[in-house]
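Each remark here refers to the structure printed beneath this line.
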Amino acid sequence: MVRKITCEFLERLGYTVLEAADPKEAEQVCLQHPEPIHLLLTDVVLPQMDGKSMFRKLSPTRPEMKVLYVSGYTNHAIVKHGVLDPGVHFLRKPFSMDVLAPKIREVLDQPT
């Protein structure tokens, strides 16, 4: 439900959203989508693999793709436990759409 609401919100902001329920589906969507994918918005903890591993798997075929991780854990705890490296874009759940929108813009606007 949260994924669906987030997708609808981002579409209202003018973003094209490709939705996937799990890493396997995300890989299929990534392979089948002919246009650039500018951002992967993913949870840190996922079924089958973690979000960081999923990004590493998808990014070689999508060099333009940036990533924003979300998690219910604090960003300090995630960095401390080595799940994410310092400086990686992260947003702690729960978050409001008023927080998500500028964070996405920040990630997209950052030079590669």
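Under our numbering, the first residue of the sequence shown is numbered 1429, with each subsequent residue one higher. Just so it is clear, CB atoms sit at the ideal spot from N, CA and C, and this is done for glycine as well. A quick note: this is a predicted structure, and the numbers were derived from the prediction, not measured.
In its own chain, which residues sit with a C-beta less than 6 Å from the C-beta of residue i, not counting the 5 before and 5 after it?
i: L1438; result: V1445
i: K1485; result: none
Can you name, in chain order, every residue of its own chain whose Cβ lies under 8 Å from the Cβ of residue i, other than the five neighbours on each side?
i: N1503; result: L1512, F1518, R1520
i: L1474; result: D1450, P1451, M1482
i: K1494; result: H1466, L1467, L1468, H1517, V1535, L1536, Q1538, T1540
i: H1591; result: Look at the range of the chain in this structure, 1429 to 1540, and you will see that residue 1591 is not part of it.
So what's residue i in DSSP terms, helix, strand or just coil?
i: T1444; result: coil
i: K1521; result: coil
i: V1498; result: strand
i: T1470; result: strand
i: L1512; result: coil
i: A1529; result: helix
i: E1463; result: coil
I'd like the list of long-range same chain contacts for residue i, defined as Cβ closer than 7 Å, with 5 residues on each side in sequence excluded.
i: S1531; result: Rather than Ser, the amino acid found at residue 1531 in this sequence is Lys. Cβ within range, chain order: L1496, L1519.
i: L1441; result: A1529
i: A1448; result: A1454, V1457
i: P1464; result: E1492
Pull up the distance between the alpha-carbon of residue i and that of residue j, whole angstroms please.
i: P1488; j: Y1443; result: 23 Å
i: T1470; j: M1477; result: 11 Å
i: E1436; j: P1522; result: 17 Å
i: R1533; j: G1479; result: 20 Å
For residue i, is the classification buried or exposed, using 16 other Cβ atoms within 10 angstroms of its Cβ as the cut-off for buried?
i: K1432; result: exposed
i: V1498; result: buried
i: G1500; result: exposed
i: G1515; result: exposed
Is there a Cβ of chain D sitting closer than 8 Å to that of residue i, yes or no?
i: R1484; result: Within the model displayed, chain D is absent; a lone protein chain is all it includes.
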